[in-house]
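Asker: My questions will all concern the structure given below.
Residue numbers (the working numbering): 7 to 142.
Now the structure itself:
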């Protein structure tokens, strides 16, 4: 049996590194960290004690639809559900549209999981779940 210590990082494909860095660095406020000199473009971010790696792929397979709950995603836990919702709305995210990259949002304060969830799309349609312990 494998003996895991932790989840180290999540890597996702992006098509436009500058645009992705604006989204993850400026909109989500993630801290960019040093990245090895790979033969392809990308960026690394720290999320508390884990990492998110952005990779510019030569032949990516991006999703073509809006926010759905059945697709692969990564999840970020926040301290305040309501403050996060207000912040995302101030940045132009809108719960009435679920198909606009970088602006789409699905809100579920009473999720079957037992904790409130917000699902958003990054500019390349990667799904990001943002959740909190409870609705505050």
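Note that the Cβ used here is the ideal one computed from N, Cα and C, for glycine as well.
Run through DSSP, which three-state label would residue 88 get?
Answerer: helix
Asker: Across the region 78-95 and the region 120-133, are there enough close Cβ pairs to call them in contact, namely three or more that are closer than 8 Å?
Answerer: Yes, the region 78-95 touches the region 120-133.
Asker: Do residue 53 and residue 130 have their CB atoms nearer than 9 Å?
Answerer: no
Asker: When burial is assigned at 16 or more other CB atoms within 10 Å of the CB, is residue 136 buried or exposed?
Answerer: Within a 10 Å sphere around the beta-carbon of residue 136 sit 16 or more other beta-carbons, which makes this residue buried.
Asker: At the level of alpha carbons, what is the spacing between residue 70 and residue 110?
Answerer: 13 Å
Asker: Could you pull the start and end residues of the beta strand (DSSP E) that residue 60 belongs to?
Answerer: First-last of the beta strand (DSSP E) with residue 60: 56-62.
Asker: Is the region 39-50 touching the region 19-27, taking contact as three or more C-beta pairs under 8 Å?
Answerer: Counting C-beta pairs closer than 8 Å gives three or more between the region 39-50 and the region 19-27, which meets the contact rule.
Asker: Where residue 37 and residue 97 are concerned, what is the direct C-alpha to C-alpha distance, given to the nearest angstrom?
Answerer: 18 Å
Asker: Once DSSP output is grouped into helix, strand and coil, what is the label at residue 28?
Answerer: helix
Asker: With 16 as the cutoff for other CB atoms within 10 Å, does residue 132 come out buried or exposed?
Answerer: Classification of residue 132: buried, given that the 10 Å Cβ count is 16 or more.
Asker: Out of 25, 32 and 61, state which residue places its alpha-carbon closest to the alpha-carbon of residue 42.
Answerer: 61
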